[in-house]
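Working notes for the structure below.
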Amino acid sequence: THENEHSVEMHLPYTGKAMESQEDEFTIIPILVGALSESKEQEFGKLFSKYPADPSNLFVVSSDFFHWSQRFCYSYYDESQEKIYRSIEYLDKMGMSIIDQLDTILAIT
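FYI, in the numbering used here the residues of the sequence shown are 5 to 113.
Take a look at the structure:
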């Protein structure tokens, strides 16, 4: 994997085990995406939009929520959380909650 990226490699052992009986019948294609402009988001959306409808495809999506610091150009701090680690934890939980809500909406539609 990429030297500074580890979200994909966390899933590889589980994916390998889950697909063990079909090891010669699938291909893993890792796609690493960082911060994207709106036009790039649309470009990727168009490129990949046809694949989720095909039941023979499986997408495993991972995100590393801990890219917080000046180094990553993201250091939002919610003062109501008092300590930085609590602010980061709050943001992580808020992000996961939004993902859960989207999962529910998609399941209903």
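For each residue, glycine too, the CB sits at the ideal point set by N, CA and C. In this text the structure is predicted, and so the values were computed from the model without any measurement.
Query, Result
"Let me check one thing: in DSSP terms, what residues is S73 bridge-paired to?", "Y78"
"Going by CA-CA distance only, name the one from E13, N61, G49 that's closest to F30.", "N61"
"Once DSSP output is grouped into helix, strand and coil, what is the label at F63?", "coil"
"For the alpha helix (DSSP H) containing L51, name the first residue and the last one.", "42-52"
"Do you know how far the Cα of D58 is from the Cα of Q85?", "43 Å"
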